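Undergrad: Have a look at this one.
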Amino acid sequence: MIIIFITDKESFSLKADSSGAVYVYSVYDEDYLIFDGDNGINNDDLYIDVNVLKSVFPSFNPDDKFNGVTVEKKSKEAVFETKKENFAVCLLMHETVVRNNGVPVVSKFKVDYDEMWKANISESTLLEWFEKPAAFTDRRQRIKGEKIKGLYLFMTMFSQKYGSGSKSKTAIIADELNKLAASDDFQFPVAFTTSDVRKWLKKPKN
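Going by this note's numbering, the sequence shown opens with residue 6, and the numbers climb by one from there.
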């Protein structure tokens with residue numbers, strides 16, 4: 006069996022002579038394959054994280070010498086706190102998502118987003134936002150305008166149940182978001198303020 010990994014699903018076209026090949030496309034960095042038997046990989050550049058290797062082979066010692074295998078030791082990488090906006094977007098999407106027989110229909114957000122911003126946001130981007138973020142990340146985050154617009158949309162949808170705009174409204178929304186963040190379903194290490202809510206309810210420029 007031939008396995009071919011592709012990184013650009015949109016521009017890749019399968020050829021007629023590709024019989025016997027399995028094409029794999031990853032949506033998220035943590036996507037992986039599981040095989041039901043031994044599989045040889047003819048790639049000198051194959052990389053396996055040491056922690057993953059240890060989880061499979063507890064007796065593995067990175068200091069041991071292996072034939073043709075190099076264990077690369079990295080200095081401790083910097084970690085960064087996940088941006089508050091990423092937690093907020095996730096919470097708001099989970100609270101306002103349309104469900105069909107209990108299953109969240111994240112793609113419905115595309116209609117709302119495109120209609121508000123005259124845009125064409127991808128469903129894969131919305132699915133990425135919907136995923137629960139970790140408390141820390143190994144890369145410095147920058148909140149793009151696309152997500153700021155999404156935050157305004159979801160905040161607007163979420164705030165509709167709290168009546169007209171007022172000082173008390175922003176406090177109520179902040180309190181509700183904090184309750185959600187602390188709930189068993191999320192347990193996000195974040196605290197939202199009325200200033201956060203007030204800022205996110207201000208419509209960004211298109």
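All C-beta atoms, glycine included, are put in the ideal place defined by N, C-alpha and C.
Quick caveat: nothing in here was measured; it's all calculated off a predicted structure.
Decide if Ala124 is buried, meaning its Cβ has at least 16 other Cβ atoms within 10 Å, or exposed.
TA: Under this definition Ala124 is an exposed residue.
Undergrad: Jot down the residue ranges of each uninterrupted alpha helix (DSSP H) in the region 78-151, minimum 4 residues, whole runs only, in chain order.
TA: With a minimum length of 4 residues, the continuous alpha helix (DSSP H) runs that stay inside the region 78-151 are 89-101, 113-122 and 128-135.
Undergrad: Ile148: buried (16+ other C-beta within 10 angstroms of its C-beta) or exposed?
TA: When all chains shown are included, Ile148 counts as exposed.
Undergrad: If we ignore side chains and look at the alpha-carbon of each, how far apart do Thr101 and Ser60 end up?
TA: Taking the straight line from one Cα to the other gives about 38 Å.
Undergrad: Could you check what DSSP says for Phe159 in three-state terms: helix, strand or coil?
TA: Residue state, collapsed to three classes: helix.
Undergrad: Roughly how many angstroms lie between the CA atoms of Gln146 and Glu128, to the nearest whole one?
TA: Roughly 21 Å between the two C-alpha positions.
Undergrad: Looking at the secondary structure, which residues open and close the alpha helix (DSSP H) in which Val204 lies?
TA: Sequence check: residue 204 is Lys here, not Val. From DSSP, the alpha helix (DSSP H) with Lys204 extends over Thr199 to Trp205.
Undergrad: Go through its chain and collect everything with a Cβ distance to Asp13's Cβ below 8 Å, but skip five positions before and after it.
TA: A caution first: Asp13 carries a pLDDT of 45, below 50, which makes its placement in the model unreliable, though a value can still be read off. Within the same chain, Asp13 has no close Cβ partners at all.
Undergrad: Run through DSSP, which three-state label would Ala179 get?
TA: If DSSP states are grouped into helix, strand and coil, Ala179 belongs with the helices.
Undergrad: Go ahead and label Asn91 buried or exposed: buried means 16 or more other beta carbons lie within 10 angstroms of its beta carbon, across all protein chains shown.
TA: By the neighbour-count rule (16 or more Cβ atoms within 10 Å), Asn91 is buried.
Undergrad: Any contact between the region 182-193 and the region 95-114? By contact I mean 3 or more CB pairs, one from each, below 8 Å.
TA: Judged by Cβ distances under 8 Å, the region 182-193 makes contact with the region 95-114, as three or more pairs qualify.
Undergrad: Which whole-angstrom value describes the C-beta separation of Ala179 and Thr199, a residue pair presumed to lie in contact below a C-beta threshold of 8 Å?
TA: With 8 Å as the limit, Ala179 and Thr199 qualify as a contact, their Cβ atoms being about 5 Å apart.
Undergrad: So for Asn211, helix, strand or coil by DSSP?
TA: Asn211 falls in the coil class under three-state DSSP.
Undergrad: Please classify Gln192: does DSSP put it in a helix, a strand, or coil?
TA: In the structure shown, Gln192 sits in coil (DSSP, three-state: anything other than H, G, I, E or B).
Undergrad: Since Gln156 contacts Val94 with CB under 8 Å, what's their CB separation in whole angstroms?
TA: The residue asked about is misnamed: residue 156 is Leu in this sequence, not Gln. Between Val94 and Leu156 the Cβ distance is about 5 Å, and since that is below 8 Å, they are a contact.
Undergrad: Are Phe85 and Phe163 closer than 8 Å when you measure CB to CB?
TA: Contact flag unset, no.
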